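Shown next, in structure tokens, is the structure this report addresses.
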Amino acid sequence: MKLDPFYLIVDRASWLPRLLPQGVKLVQLRAKEMNEAELRREIATAREVCARFGAQLIVNDYWKLAIELGCDFVHLGQEDLAEADVPAMRRAGLKLGISTHDEAELEAALLAGPDYIALGPVYPTILKKMRWAPQGVERVRQWKARIGDLPLVGIGGLNLDRAAGVRQAGADSLAVVTDVLLNDNPEARAREWVLATR
């Protein structure tokens, strides 16, 4: 499987009509603090907008809703992976991405037979409090050597200046949140990312 080299993460489906026209082809919906009905609407909307623009949607965490709503990709953190029914996801045809931060998590992720592995934070991140120190580019290189042809996603503190180094170290795709969503012109920054990763 091949992932698009630019992997945008958004917290609301309302970003998608603004950012997908900039050439974004891979997007994760990481929606938090919603009840189930709101989540169902949010995921359904994101799926519809992604289909309209020919983009791949990855649903963060909510694998049961992803199955119910006919999505085709889900991303799980380690705690969610421990509680998820991976065989049920596979029967539904869901592809699976898994977060990793250390060797033990990488081993657990590989046992689940994922479609990609994410490693982070590569650099310091403001998005959420992390109990792991920044991994650095050398860890990206090590992870890629370990997982071989399995796609590797680098995440955490990425900006355009850091993009080339992380790609050269072996990341197949670069996951970006704040560098786009907190930018004064998110549309222009998304377009810059698309061009920089082609």
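Numbering (full-length UniProt numbering) for the sequence shown: 1 to 198.
All C-beta atoms, glycine included, are put in the ideal place defined by N, C-alpha and C.
Keep in mind that this is a model prediction, so the values were computed, not measured.
Look up Lys95 in the DSSP assignment and say whether it is helix, strand or coil. Position 95 of the sequence shown, counting from 1, holds the residue named residue 95. Lys95 falls in the strand class under three-state DSSP.
Tell me the DSSP secondary structure of Gln135 in three-state form. Residue mapping note: residue 135 aligns to position 135 of the sequence shown, counting from 1. Three-state DSSP puts Gln135 in coil, outside helix and strand.
Burial state of Gln168, where buried means 16 or more other Cβ atoms lie within 10 Å: As a working mapping, residue 168 is identified with position 168 in the sequence shown. Exposed, since its Cβ has fewer than 16 Cβ neighbours within 10 Å.
Taking DSSP as the reference, what is the three-state secondary structure of Gly148? The residue labelled residue 148 in the question sits at position 148 within the sequence shown. Coil.
Which residues bound the alpha helix (DSSP H) around Leu106? Taking the sequence shown and counting its residues from 1, one reaches residue 106 at position 106. 103-111 is the extent of the alpha helix (DSSP H) around Leu106.
Contacting residues, own chain, Cβ-Cβ under 6 Å from His101 (five flanking each side not counted): Translated into the one-based positions of the sequence shown, residue 101 becomes position 101. Trp132, listed in sequence order.
Taking the straight line between their C-alpha atoms, what separation do you get for Asp80 and Leu19? By one-based count along the sequence shown, residue 80 stands at place 80. By one-based count along the sequence shown, residue 19 stands at place 19. When rounded, the distance between both Cα atoms is 28 Å.
Residue environment, Ser14, which counts as buried when at least 16 other CB atoms sit within 10 Å: Position 14 of the sequence shown holds residue 14. A residue is called buried when at least 16 other Cβ atoms come within 10 angstroms of its Cβ; Ser14 does not meet this threshold and is exposed.
Which runs of the alpha helix (DSSP H) spanning at least 4 residues fall entirely within the segment 49-89, listed in chain order? Segments of the alpha helix (DSSP H) lying fully in the segment 49-89: 63-68, 78-83.
Leaving aside the five residues before and after Val49 along the sequence, list all residues of the same chain whose C-beta is less than 7 Å from its C-beta, in chain order. Counted from its first residue, the sequence shown places residue 49 at position 49. Within the same chain, Val49 has close Cβ partners Ala13, Leu16, Pro17, Leu20.
Measuring straight from C-alpha to C-alpha, what distance separates Gly148 and Lys2? Translated into positions along the sequence shown, residue 148 becomes position 148. Translated into positions along the sequence shown, residue 2 becomes position 2. Taking the straight line joining both Cα atoms gives about 13 Å.
Round the Cβ separation of Gly23 and Val194 to the nearest angstrom and send it over; I've been treating them as touching at under 8 Å. For the purposes of this step, residue 23 is taken as the residue at position 23 of the sequence shown. For the purposes of this step, residue 194 is taken as the residue at position 194 of the sequence shown. Yes, Gly23 and Val194 are in contact; Cβ-Cβ is about 4 Å, under 8 Å.
Stretch-stretch touch, CB-based, cutoff 8 Å, three pairs: the segment 137-157 with the segment 180-192: The segment 137-157 vs the segment 180-192: no contact.
Let me know if Ala163 comes out buried or exposed under the rule of 16 or more other beta-carbons within 10 Å of its beta-carbon. Taking the first residue of the sequence shown as 1, we reach residue 163 at position 163. With 16 or more Cβ atoms within 10 Å of its Cβ, Ala163 is classed as buried.
Are there 16 or more other CB atoms within 10 angstroms of the CB of Asn60, so buried, or fewer, so exposed? As a position in the sequence shown, residue 60 is number 60, starting the count at 1. Buried, because 16 or more other Cβ atoms sit within 10 Å of the Cβ of Asn60.
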